[in-house]
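Heads up: the sequence shown begins at 80 in the numbering used here, then just goes up one per residue. Glycine is no exception: its CB is placed at the ideal position from the N, C-alpha and C atoms. Notes follow the structure.
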Amino acid sequence: MRDDPHALLRAVRLTATLLELHDENPYKIRGWQNAEAILDRAGEDALRGQPSPEALQARVAGLSKGMAATFSEALQTGALPEYDRLLAATPPGVVKMMGIKGIGPKRVRQLWREAGIETPEALLEACETGVVAKLKGFGAKIQAQIQEAIVFVLAARGQVLLSQADALAAELLARLRALSGTRRAEVAGAARRALETVSELVVVVGVETGGYAPAMAALNAPEAGLSPDPRRSGPRAWRGTAPAYAGVPVSVLLTSPDNFLNEWFLATGSDEHLDATLPPSAIEWLAPTTAHAPPPPTTLRHVLKTSKFQTETALYAAAGLRQCIEPELRENRGELALAAAEAIPRLIEKADIRGALHNHSTYSDGNHTLRRMAEYLRDAGYEYLGICDHSRSAGYAGGLPDHKVREQWREIDALNAELAPFRIFKGIESDILADGSLDYDDELLAGFDFVVASVHSGLRMDEAKATARLLRAVENPFTTMLGHPTGRLLLRREGYPLDFRAIIDACAHHGVAIELNSNPWRLDLDWRWLRYALDQGVLTALNPDAHSVAGYADMAYGVRLGRKALLTAPQTLNTWPADKLAAYFAERKARRG
């Protein structure tokens, strides 16, 4: 964690959890939990540059002198003694058990100390044999919930989030690009196609003739964690699953600069895209017909045999397609036919985003004040902020009682007068209650500019119950937007089952938008169903669900997943200028009357 604020924050968080696991002094536990909250609020920027204890205490309000000294040392040397002590005293499998959704430190301690369970695999076996249900305070219901969570976690091993794959790729690419002889190095595979989870990180490197030796030496080095790939002939492909890559398989392919584009293209597209049959016009171009011999079917793989291309636009043109197919679309979900008909729309781009909707502040569970959340966006060149703190039923997240809502409205009015033309829209993330109704009475709901309706509790629903609950929320005239519709947490928790067509059709009927929650753990609504929603005329918003200013960056993931759904800027609320968005919110409010 030397000079790595993100690693320090993770270590502090785990230290607080491990102290609780080991049932240590409650005051000590609370001290580390408070330090974790203080660092979270301050953000990673306050920890950069290996600050001295005095500088760190000056930067981070509320941080004690002792903790400032501890964290300063960690940033300068990489040593955090309390963290190291606790890790040494905890079996690695028990640490992994802490990441299973639904069991906190106290339950893990009980499973470990009383039942001798030290790994997720052993815990799964104990669930399957009924051991867990017999432990005091567990029972059959909790055992079934734990078993389901473990199965999901184990199934996700060997995968990382898209955001994690990006970070791993950036580190690997930086090392490869620094080598003499490297002309170009790029990520390919699922990460380039922006799949929400990645099971293999693929990198293609164009190397000049004299550059193979340094590249091969770097890839063969023990610290690289790679070895020649037995799946490919020759010494120019490497593969590995070293801890440095979070256990995810990594493939590196070296090629000559003149063949780089072809190899990059092959390593990017899904097999289904590469093997999809080209339209007749391309077949005729590649293999002219005779009166007695119809052209044989051909694919994009065949096109690469005709030439070494310098751009992907030229490659698709050689295939007889009228448009270049963007990497995000290369999944064989109709993109070849669209490209042949020149019917792929101009997809949304990061530069189209004008503001951020659905964000949180210190009024509920956010780390930064309303003012800071607004000023950061304004200074970054955006036009508006939609603030959507949690509603009163979300007590676990500091949900706002009625009087706090009105207090926030007064602050918003004052900030809007001060920060104009930048604008803050008055929103709320209203819990969808068990019966499908929204938090607050109609009078208070009517005071918001917009309402994001989301489920946060009672997630264990069957399809009929979940669908009925969301349908009632969509039918509510105060609902502007449906938030993270399935409640999924990628690689951690499956979403509740839904009749997606019924929900989306209802949103289309009632004019309710559906967010693509851009937090890398969510990316919900799933892009596959977002494409259907767009076809039905449903609007969306790429909502970061930011709980700090750093969270705004997640909108970039919303853009990438939105592109997979063929999303355009006009279909995306937070690409609209502030006055158009304000008119849209006002029109929806007027329609209720």
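Distance check for residue j and residue i, CA to CA, integer angstroms please.
i	j	result
Arg236	Pro328	11 Å
Glu666	Leu126	45 Å
His371	Lys384	Any reading at His371 needs caution, since the residue's pLDDT is 48, under 50, leaving its predicted position unreliable; the model's value is listed next. Cα to Cα, His371 sits roughly 25 Å from Lys384.
Leu660	Leu415	34 Å
Ala194	Arg457	54 Å
Glu421	Leu400	8 Å
Arg670	Phe664	10 Å
Thr565	Lys544	13 Å
Leu645	Glu454	32 Å
Pro240	Phe339	Per the sequence shown, residue 240 should be read as Leu rather than Pro. Approximately 27 Å between the Cα atoms of the pair.
Gly574	Arg539	9 Å
Ile491	Asn438	14 Å
Ile507	Pro170	43 Å
Ala662	Leu498	20 Å
Cys586	Gly319	46 Å
His626	Ser440	6 Å
Ala632	Asp624	10 Å
Val282	Thr392	21 Å
Gly209	Gln226	10 Å
Trp655	Ala257	41 Å
Glu161	Thr149	9 Å
Gln402	Leu426	13 Å
Pro184	Ala513	28 Å
Asn341	Leu408	18 Å
Ile423	Leu613	14 Å
Glu542	Gly515	14 Å
Val277	Gln238	5 Å
Phe557	Asp521	8 Å
Val91	Ala116	10 Å
Val173	Gln615	47 Å
Glu594	Ala86	30 Å
Val331	Ala292	15 Å
Is it buried or exposed, residue i, if we count other Cβ atoms within 10 angstroms and call 16 or more buried?
i	result
His469	buried
Gln650	buried
Gln222	buried
Ala264	buried
Trp488	exposed
Thr156	exposed
Thr94	buried
Ser509	buried
Arg642	buried
Pro406	buried
Ser597	buried
Asp528	buried
Phe500	This sequence places Pro at residue 500; Phe is not what is there. Pro500 is exposed by the Cβ-count criterion.
Ala137	exposed
Lys387	exposed
Against chain D, does residue i count as a neighbour if the rule is that its beta carbon must be under 8 Å from one of theirs?
i	result
Glu522	Protein chain content of the structure displayed is limited to a single chain, and chain D is not contained in it.
Let me check one thing: in DSSP terms, what residues is residue i bridge-paired to?
i	result
Thr378	Thr356
Trp606	Partner(s): none; Trp606 has no beta bridge.
Met634	None, per the DSSP bridge assignment.
Asp510	Ser533
Leu621	Leu595
Pro479	Pro is not the amino acid found at residue 479; the sequence shown has Leu there. Paired residue(s): Ser470.
Phe504	Gly465
Arg667	DSSP lists no partner for Arg667.
Arg263	Gly285
Asn438	Ile466 and Ala625
Val331	Val282 and Trp317
Thr276	Leu240
Met560	Val531 and Ala592
Ser386	In DSSP, Ser386 forms no bridge with anything.
Leu568	Arg572
Assuming residue i and residue j make a contact with CB atoms under 8 Å, what is their CB distance in whole Å?
i	j	result
Leu621	Trp600	Actually they are not in contact, since the Cβ atoms of Leu621 and Trp600 sit about 15 Å apart, beyond 8 Å.
Gln224	Gly181	6 Å
Leu682	Ser443	Within the shown structure, residues of the chain are numbered from 80 to 672, placing residue 682 beyond reach of any answer.
Leu379	Ala355	7 Å
Met560	Val534	That belief does not hold up - the Cβ atoms of Met560 and Val534 are roughly 13 Å apart, past 8 Å.
Ile503	Leu549	28 Å between Cβ atoms; not a contact.
Leu333	Val284	5 Å
Leu202	Met176	6 Å
(request) Could you tell me whether the stretch 198–217 touches the stretch 115–135, using the rule of 3 or more Cβ pairs below 8 Å? (result) Counting C-beta pairs closer than 8 Å gives fewer than three between the stretch 198–217 and the stretch 115–135, which falls short of the contact rule.
(message) Closer than 8 Å is the cut-off here; do at least three beta carbon pairs connect the stretch 454–464 with the stretch 432–443?
(response) When C-beta atoms of the stretch 454–464 are compared with those of the stretch 432–443, three or more pairs fall below 8 Å, so the two segments count as touching.
(request) Indicate whether the contact test is met: 3 or more Cβ pairs, each with one atom in the stretch 290–310 and one in the stretch 336–354, closer than 8 Å. (result) Taking a cut-off of 8 Å for Cβ pairs, the stretch 290–310 and the stretch 336–354 do not touch, as fewer than three such pairs fall below it.
(message) Under 8 Å: do the stretch 242–257 and the stretch 265–279 share three or more Cβ pairs, one atom per stretch?
(response) Of all C-beta pairs linking the stretch 242–257 to the stretch 265–279, three or more are shorter than 8 Å, placing the two stretches in contact.
(message) Within 8 Å, do at least three Cβ pairs link the stretch 140–157 to the stretch 101–121?
(response) Segments in contact, yes.
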